Amino acid sequence: MKRILLLAALLGLPLLMAAQVRPINQFYRTWKPGHEVKNFVVPGWLIDFASTVAIPFVEEPEARVALRLARKVGKTRILYNEDGPNNIPVAAIDHMVRGARKKGYTDLVLVQDEGTRVHVLVRENKDGRRVKGLLVLVSEEDTFMMVSSKMNLSYAWVGRLIRELLDSYDEPWIITDEVVL
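Each residue of the sequence shown is one higher than the one before, starting from 9 at the first, in the working numbering.
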């Protein structure tokens, strides 16, 4: 009986380990087989390992903060398409963004300028104190890039990291809970 339960648990485990949110998964799977599309996945353990190894060799405070921040990033998917016959239509991108919003992603930044659009969405946990997912979309007339990352990043930790960075500068900074002057 124990073997049957163990086998059932092991077979059911992949169902619980979905890499990203379903609309993002569907978009990625739909467009990655294209001839002009480049795609790859970077595992979270590799990002963590590389940033941990690099921290002792970096002297600039900004780079050290960036590497410490990278340690919180998990599995990352990157999809890149450059002017080809299978260029990803704007309607498909908008459909994926609407689906991501339904699954808990909220807009963080949206910049549009002369045919270029940069869209950053985040997914927070239920209490809104941690970022669990990041979706960055950059599209132009002939180029598209999507970066989708899992992460476990608390806003309080980011605040402490920013304060450490500001303390490392020679100039005095006025730091309040809401505004850095």
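Positions of the beta carbon are idealized from the N, C-alpha and C atoms, including for glycine. Note that the coordinates shown come from a computational prediction; the quantities given were computed from them, not determined experimentally.
Listed in chain order, the beta strand (DSSP E) runs fully inside the stretch 74 to 144 are 81 to 90, 113 to 121 and 124 to 132, counting runs of at least 3 residues.
Beyond the five residues adjoining it in sequence on each side, G82 comes within less than 6 Å, by CB distance, of G52, K158 and M159 in the same chain, given in chain order.
I96 is the residue among V50, L54, L87 and I96 whose C-alpha sits nearest the C-alpha of E149.
When DSSP states are grouped into helix, strand and coil, V49 belongs to the strand group.
Take the alpha-carbon of W39 and the one of V49: they are about 14 Å apart. In this structure, L169 and L77 form a Cβ contact; the two beta carbons are roughly 7 Å apart against a cut-off of 8 Å. Taken atom to atom, the span from the alpha-carbon of M154 to that of R72 is near 26 Å. Segment contact: the stretch 118 to 127 against the stretch 138 to 146, three or more CB-CB distances shorter than 8 Å; contact assigned. The DSSP-derived three-state label of V61 is helix. Taking every protein chain shown into account, the CB of P31 has 16 or more other CB atoms within 10 angstroms, so this residue is buried. Going by beta carbons, I63 and T84 fall outside the 8 Å limit.
The residues G112, T114, R138, V139 and K140, in chain order, have a CB closer than 8 Å to that of E132 in the same chain once the five nearest residues on each side in sequence are set aside. Counting other Cβ atoms within 10 Å of its Cβ, F35 reaches 16 or more and is therefore classed as buried. Straight across, the Cα-Cα distance linking K46 with N89 is about 6 Å. Judged by beta-carbon spacing, T151 lies within the 8 Å limit of D91, meaning their Cβ atoms are closer than that value.
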